[in-house]
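Residue numbers (the numbering used here), protein chains in the order written: chain D, 44 to 356; chain B, 74 to 369.
All remarks here apply to the structure that follows.
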Amino acid sequence: MLGFLAKRLLQLIPTVFFVSVLIFSLQKLLPGDPATTIAGEERNPEVIEQIRRQYHLDRSWPVQYAYWIDGVLHGDLGESIRIKEKVATLVAEKLPVTIQLALMAIVIAVTIGLTAGVVSAVMKDTAWDYAANIFALWGRSTPNFWLGIMLIFLFAVELNWLPASGYVRPTEDFWASIASTIMPAFVLGNAGAAVLMRHTRSAMLDALASDYVRTARAKGLLERAVVLKHAMRNALTPVITLGALELGELLSGAVLTEQIFSIPGLGKLIYDAVFNRDYAVVQGVVLVTATIYILLNLLADILYVLVNPRLRS
Amino acid sequence: MAQATYSDALTAAAGETVETPARRALRRLVRRKGAMVGLAVIVAFIALAVLSPWLGLYEPTATSWSAVRKAPSAAHWFGTDNLGRDIFSRVIYGARASLLAGVISVSIALAVGVPLGLVAGYLGGVVDALLSRMTDAMLACPFLILAIALAAFLGPSLGNAMIAIGITATPIIVRLTRGQVIAVKHEDYVEAARAVGNPRWRIVLVHILPNILPALLVQATLSIAAAIIAEASLSFLGLGQQPPAPSWGSMLNAAQAFLTNAPWMAVWPGLAIFLTVISFNLLGDGLRDALDPKER
């Protein structure tokens, strides 16, 4: 296990290096002189020159990268030109909100996805199976920002059951926090549920057709015990790792969802940064989400080895 | 008698036309109702998008202060928006931006990704290791976040959104192509082509590429669905098609503010995205099943 972990961590080094180069290179896409772009309305040549020196824009690319990555490794992601605050501070402030949303979404995705997947496999070729497959197709094809708008219309405008937007911290008022995040969490979890359902169904169908399930049935076990204890336990192994990866995907969906529901998380931060040409914040958020995604990938691999006895040795 | 039967069998075999793999796949695809419904909807959307200037629709950008936020009626089938523009007309014209974005961004991804994947898969070694790590790095950035960052740095426009989506979709194509090449490069027909002295480029382009096309076709179809959602997302965020030009994403953005008194503004563009994306997904799933050799 330690050997596997060491090998996996070594493999991460080049990936993380290329991710950092990719994110650093983003600012090179800016049309014209980056110093002038960062200066915004300011046209004073002295100020622009000072920005050029401050951001090392007068140096070569590799030197600029070295300065940038040195800062990143010391926790310095730059400064927001709009709010005049450290990007790392802003990210640290917004990240817990997005994590709360993503965790709620993954609970919804796992609950719906696993249940639908298991039911669909056990009742293959019945109306339940068709319904679950239609649900999966719907989940894959519905743009989550449209679903969000429709849910606001139904539950906030028409029924007046839930708030249309806004966010309450769980530490302030737990139930108000749930009410303010349940719709966005459902929107985020919907697509994840579809992916999990398809994988669970496929894994369950394989498990149900396997020799050990046939043996369990031949022993005279109840069908419920066969499905829950024998088939499901084995079928869920790959699904656990998929759940970890889905959590990473949710970070992507959070940009739109947080914007629609006015939730002050990482997604809203990058959206506002894009429109205020706050490029350091955009880079910072991409870097943080990519790092989280890479770590979740690693976690998924470790989980896969841990839950699979054949790989553990 | 036995002789006659053998002879009949030979005649029958000689007269029988051998079904090509493409024809067999097409036959299987036609049998899949979901894929056919998807294809019909896609063809209908393409026809509407191409023919829109000749359909006698309202001008999609023409505002009318006397027709602001009118509910669906005989005059305006889908109602009007906050500036009095006809929503039906904007949905039809919006199909152009969405379909164009879907096809062009996937074409960009294929144009860049397939050659890179072929090179990585066939050459292996250092080139493969380098390209694979770069692919991993791009795949490590969540799809939409990378597309948003690229579109933000390139500047907001439909063209830049297509480039951003195309670049973001490229690593999936590289990885798929590489995997497919590795799977077939030691097949007998490739070894035979190598043994008779074909140059590398010829082996890759003439012998390997045609054999991995089915997998690429399936991925391209499913990628168009993802690209259409991505374009709508970028336009929704103001990074794609710029107003007043119609696009489904930007129409949904405008609709948000009028949910209480004009909900139809949000229904139709969303339904259009949903229908197009589900159709590409149905067609992609159908193609995957039709092209799967195990399904024979």
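Every residue, glycine too, gets a C-beta built ideally from N, C-alpha and C.
Boundaries of the alpha helix (DSSP H) in which residue i is found, first to last residue
i: Ser-205/B; result: 198-213
i: Gln-302/D; result: 275-303
i: Pro-94/B; result: 94-104
i: Val-331/D; result: 322-350
i: Val-230/D; result: 217-251
i: Val-211/D; result: Neither: Val-211/D is in no alpha helix (DSSP H) and is coded neither H nor E.
i: Ser-323/B; result: 321-328
i: Asp-315/D; result: 309-318
Simplified DSSP assignment, three categories, for residue i
i: Met-74/B; result: Bear in mind that the predicted position of Met-74/B carries a pLDDT of just 41, short of 50, making it too unreliable to give a figure here.
i: Asp-159/B; result: strand
i: Glu-122/D; result: strand
i: Thr-80/D; result: helix
i: Lys-258/B; result: coil
i: Lys-262/D; result: coil
i: Ala-170/B; result: helix
i: Asp-127/D; result: It should be noted that the sequence gives Lys, not Asp, for residue 127/D. Correct three-state label for Lys-127/D: coil.
i: Thr-136/B; result: coil
i: Thr-169/D; result: coil
i: Ile-153/B; result: Note that residue 153/B is Thr in the sequence shown here, rather than Ile. Note: Thr-153/B maps to strand in three-state DSSP.
i: Thr-349/B; result: helix
i: Gly-239/B; result: helix
i: Met-44/D; result: coil
i: His-280/B; result: helix
i: Lys-143/B; result: coil
i: Leu-73/D; result: coil
i: Ser-229/B; result: Residue identity differs from the one stated: residue 229/B is Pro in this sequence, not Ser. If DSSP states are grouped into helix, strand and coil, Pro-229/B belongs with coil.
i: Asp-101/D; result: coil
i: Arg-251/B; result: helix
i: Asn-187/D; result: helix
i: Gln-314/B; result: coil
i: Asn-334/B; result: coil
i: Gly-129/B; result: coil
i: Trp-204/D; result: coil
i: Ile-112/D; result: helix
i: Arg-86/D; result: coil
i: Leu-364/B; result: helix
i: Asn-176/D; result: helix
i: Leu-117/B; result: According to the sequence as given, residue 117/B is Ala; it is not Leu. Correct three-state label for Ala-117/B: helix.
i: Val-269/B; result: coil
i: Ile-302/B; result: helix
i: Ile-306/D; result: coil
i: Val-91/B; result: coil
Whole-angstrom C-beta distance between residue j and residue i, which should lie under 8 Å
i: Ala-164/D; j: Met-247/D; result: 3 Å
i: Asp-365/B; j: Ala-108/B; result: Asp-365/B to Ala-108/B, Cβ: 13 Å. No contact.
i: Leu-294/D; j: Tyr-336/D; result: 7 Å
i: Met-324/B; j: Gly-167/B; result: 6 Å
i: Ile-238/B; j: Ala-174/B; result: 7 Å
i: Gly-129/B; j: Lys-143/B; result: Wrong, their Cβ atoms sit about 19 Å apart, outside the cutoff.
i: Gly-191/D; j: Ala-234/D; result: Going by Cβ atoms, the distance from Gly-191/D to Ala-234/D rounds to 12 Å, so no, they are not a contact pair.
i: Gly-170/B; j: Ser-320/B; result: Contrary to the premise, residue 170/B reads as Ala rather than Gly in this sequence. Indeed, because the Cβ distance is near 4 Å, the residues count as touching under 8 Å.
Within-9 Å CB hit, residue i to chain C
i: Asn-155/B; result: Looking for chain C here will not work: the only protein chains present are D and B.
Proximity test, residue i beta-carbon vs the ligand GTP heavy atom, cut-off 8 Å
i: Phe-304/D; result: The ligand content of the structure shown is nil, which means the ligand GTP is not present either.
Exercise for the section: Determine, using beta-carbon pairs with one atom in the stretch 274-288 of chain B and one in the stretch 337-354 of chain B, whether at least three such pairs fall under 8 Å. Expected result: Taking a cut-off of 8 Å on C-beta distances, the stretch 274-288 of chain B does not touch the stretch 337-354 of chain B, as fewer than three cross pairs fall below it.
Problem - Residues of the stretch 313-344 of chain B whose Cβ lies closer than 9 Å to any Cβ of chain D, in chain order - result: Trp-321, Gly-322, Leu-325, Asn-326, Ala-328, Gln-329, Leu-332, Thr-333, Pro-336, Ala-339, Val-340, Pro-342, Gly-343 and Leu-344
Practice task
Compile a chain-ordered list of the residues in the stretch 216-249 of chain D whose CB is closer than 8 Å to at least one CB of chain B.
Solution key: none
Exercise for the section: Select from the stretch 206-223 of chain B all residues with a C-beta closer than 8 Å to any C-beta belonging to chain D, and list them in chain order. Expected result: Arg-206, Met-207, Asp-209, Ala-210, Met-211, Ala-213, Cys-214, Pro-215, Phe-216, Leu-217, Ile-218, Leu-219, Ile-221, Ala-222 and Leu-223
Problem - Cβ pair count under 8 Å reaching 3, the stretch 175-187 of chain B against the stretch 236-252 of chain B - result: yes
Practice task
Pull out every residue of the stretch 118-141 of chain D whose Cβ sits closer than 9 Å to any Cβ of chain B, in chain order.
Solution key: none
Exercise for the section: Check whether the stretch 211-222 of chain B touches the stretch 156-167 of chain B, taking contact to mean three or more Cβ pairs, one atom from each stretch, closer than 8 Å. Expected result: no
Problem - Cβ pair count under 8 Å reaching 3, the stretch 281-294 of chain D against the stretch 140-147 of chain D - result: Result yes; three or more Cβ-Cβ pairs closer than 8 Å.
Handout entry: Members of the stretch 322-339 of chain D that neighbour chain B once the beta carbon cut-off is set at 8 Å
Key = So the close ones are Tyr-322, Val-325, Gln-326, Val-328, Val-329, Thr-332, Ala-333, Tyr-336 and Ile-337.
Practice task
Pair every Cβ in the stretch 250-268 of chain D with every Cβ in the stretch 316-331 of chain D, then say whether three or more of these pairs are closer than 8 Å.
Solution key: no
Practice task
Compile a chain-ordered list of the residues in the stretch 141-156 of chain D whose CB is closer than 8 Å to at least one CB of chain B.
Solution key: none
Handout entry: Against chain B: residues of the stretch 273-307 of chain D by CB proximity under 8 Å
Key = Here the close residues are Gly-291, Glu-292, Leu-294, Ser-295, Gly-296, Val-298, Leu-299, Gln-302 and Ile-303.
Handout entry: Interface residues of the stretch 236-267 of chain B facing chain D [CB-CB below 9 Å]
Key = Against chain D - using a Cβ distance shorter than 9 Å - the stretch 236-267 of chain B contributes no residues.
Practice task
For the stretch 101-114 of chain D and the stretch 51-68 of chain D, state whether three or more C-beta atom pairs, one from each stretch, are separated by less than 8 Å.
Solution key: yes
Practice task
Can you give me, in chain order, the residues of the stretch 62-84 of chain D that have a beta carbon less than 9 Å from any beta carbon in chain B?
Solution key: Residues passing the 9 Å Cβ filter: Val-62, Ser-63, Val-64, Leu-65, Ile-66, Leu-69, Gln-70, Lys-71, Leu-72, Leu-73 and Pro-74.
Practice task
Evaluate contact between the stretch 150-170 of chain D and the stretch 127-135 of chain D, counting only Cβ atoms and requiring at least three cross-stretch pairs below 8 Å.
Solution key: no
Handout entry: Contact between the stretch 327-343 of chain B and the stretch 191-202 of chain D (3+ Cβ pairs under 8 Å)
Key = Result yes; three or more Cβ-Cβ pairs closer than 8 Å.
Problem - Interface residues of the stretch 172-187 of chain D facing chain B [CB-CB below 7 Å] - result: From the stretch 172-187 of chain D, only Leu-180, Arg-183, Ser-184, Thr-185 and Pro-186 have a Cβ closer than 7 Å to chain B.
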